[in-house]
Amino acid sequence: MNTRRVSFLGVLVALALALHLLEAQIPSPLPWVRPGLANLMTLIALLTCGWQAGLLVMLLRVVTGALLLGGFLSPAFALSLAGGLASTLVMALMARGAWRLWSPLAMSAAGAVAHGGAQVLTLVLLLVRTGDLPWLLPWVLVPSLVSGIVTGVLANLVLLRWQWYFRGVA
Amino acid sequence: MRRSLLERIWGPGGVRLLLGDTAVLVLLCAAVTALAVPKAAGGRPARAEVEVAGKAVAVLDLSRDGVSEIRGPLGVTRVEVRGGRVRVLSSPCPRQACRHGGWIGAAGEMLVCLPNEVVIRLPGQRAGSIDAVAR
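Those protein sequence lines, which keep their order, are chains A and B. Counting from 1, position 51 in the first sequence corresponds to residue 50 in numbering that gives the first Met the number 0; the numbering is continuous, with no gaps. Counting from 1, position 96 in the second sequence corresponds to residue 95 in numbering that gives the first Met the number 0; the numbering is continuous, with no gaps.
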């Protein structure tokens, strides 16, 4: 990994962390509903430097975010980590078809739904331990899909406009 | 240089990507609907949520009979689950209004003990019923 890449990923982690902290300040009637803009940085890392870079950016963001906001290793942290891992996995699998079969918009949307689904699954397995959380599922998945599409449009705009820059890094 | 919205978001050769994205989004919508819709239908709730002083402290599985002890500011409120319903068995509060609430078992019902700040809630929408009738 060359110096240029390391510093680029550092900037991505810093931006992701800033967005993560900013989003945590937004009051919401549904506390788990977040715009998910921090995922933009995971997506950019994934597409420019490979899936390992995406995983790294996501992990560093989730861990440092939890350390700064409090709640490291708490149930909320477990939810955040599970969501991050699931969305990064889905996006990494879809990265093969990026700009050929689909654009990063679709990757972001699928990642966001995986994020929400994994969170509900973790909640059921870890905290509630009753086989189902029926009423919660639509309240998580539908906002996830919407925020994933919004983040995806932004991802496409950024990736296209800054193409010359990302090409130099990767 | 003015570019179309399509080109701004999907770049050159955007129509193909737009179609690919649409296909993925349709699949996602279908998956979300399939997962979410049958579950959203009402019925008898499977669990009761217990809050003390506004904070969720426990979720009781209504398929498992038993007595749970919930600690509030005044002392221990004992909550019984039997046959898919839930009631307050004993409470340290002076007026015992929560205990007199009896059994609840339908979505949207709740038992409240204000002195001990305990709220037992059955999640879901009350199906076509009214709150109360004043005569």
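In this text, a Cβ means the ideal position worked out from N, Cα and C, and glycines have one as well. Predicted model only: the values in this text are computed from it and were never measured.
Query                                                                                                                                                                                 : Result
Measure how close the beta-carbons of ILE103/B and VAL117/B come, nearest whole angstrom, since I'm counting them as under 8 Å.                                                       : So it is not a contact: roughly 13 Å between Cβ atoms.
How many whole angstroms separate the CB atoms of VAL87/B and VAL75/B, which I take to be in contact at a CB cut-off of 8 Å?                                                          : Wrong, their Cβ atoms sit about 11 Å apart, outside the cutoff.
Return the CA-CA distance between ALA39/B and VAL31/B, expressed in angstroms with no decimal places.                                                                                 : Low per-residue confidence applies at ALA39/B: pLDDT is 45, beneath 50, and the placement is therefore not dependable, though the value from the model is reported in the following sentence. Roughly 12 Å between the two C-alpha positions.
For the putative contact between LEU68/A and ALA23/A, defined by C-beta atoms under 8 Å, what is the C-beta separation to the nearest angstrom?                                       : 6 Å
Consult DSSP for GLU108/B and reduce its assignment to one of helix, strand or coil.                                                                                                  : coil
Who does GLU68/B pair with in a DSSP beta bridge?                                                                                                                                     : ARG77/B
Relative to the C-alpha of VAL80/B, which candidate in GLN95/B, ALA96/B, PRO72/B, ARG63/B has its C-alpha closest?                                                                    : ARG63/B
Taking C-beta pairs closer than 9 Å, name the residues in chain A that VAL23/B reaches, listed in chain order.                                                                        : MET93, LEU100, TRP101, LEU104, ALA105, MET106, ALA108, ALA109
Apply the 10 Å Cβ neighbour rule to LEU18/B and answer buried if 16 or more other Cβ atoms are within range, or exposed otherwise.                                                    : exposed
Are the C-beta of GLY104/B and some C-beta of chain A separated by less than 8 Å?                                                                                                     : no
Taking ALA85/A as the reference, which of PRO137/A, THR41/A, PHE7/A has the closest Cα?                                                                                               : THR41/A
Relative to the C-alpha of VAL56/A, which residue among ALA37/A, LEU21/A, PHE76/A, HIS114/A is closest?                                                                               : ALA37/A
Kindly list the residues whose CB is nearer than 8 Å to the CB of LEU184/A, restricted to its own chain and excluding five residues on each side of it in sequence; keep chain order. : There is simply no residue 184/A to check, as chain A begins at 0 and stops at 169 in what is shown.
Over what stretch of residues does the alpha helix (DSSP H) that includes ARG2/B continue unbroken?                                                                                   : Segment: none, ARG2/B is in no alpha helix (DSSP H) and carries neither H nor E.
When you compare the stretch 4 to 13 of chain B with the stretch 145 to 163 of chain A, are there three or more beta-carbon pairs, one atom per stretch, that lie closer than 8 Å?    : yes
Just tell me which of ALA65/A, PRO26/A, ILE25/A has its CA closest to the CA of LEU16/A.                                                                                              : ALA65/A
Given a threshold of 16 other Cβ atoms within 10 Å of its Cβ, counted over all protein chains shown, does HIS114/A qualify as buried or as exposed?                                   : buried
Hey, which unbroken runs of the alpha helix (DSSP H) at 4 residues or more fall wholly within the stretch 95 to 121 of chain A?                                                       : 103 to 121
Hey, how far is the Cα of GLY151/A from the Cα of MET90/A?                                                                                                                            : 11 Å
Which term fits VAL119/A, buried or exposed, when burial requires 16 or more other beta carbons within 10 angstroms of its beta carbon?                                               : buried
Just curious, the beta strand (DSSP E) that VAL117/B is in, first and last residue?                                                                                                   : 117 to 120
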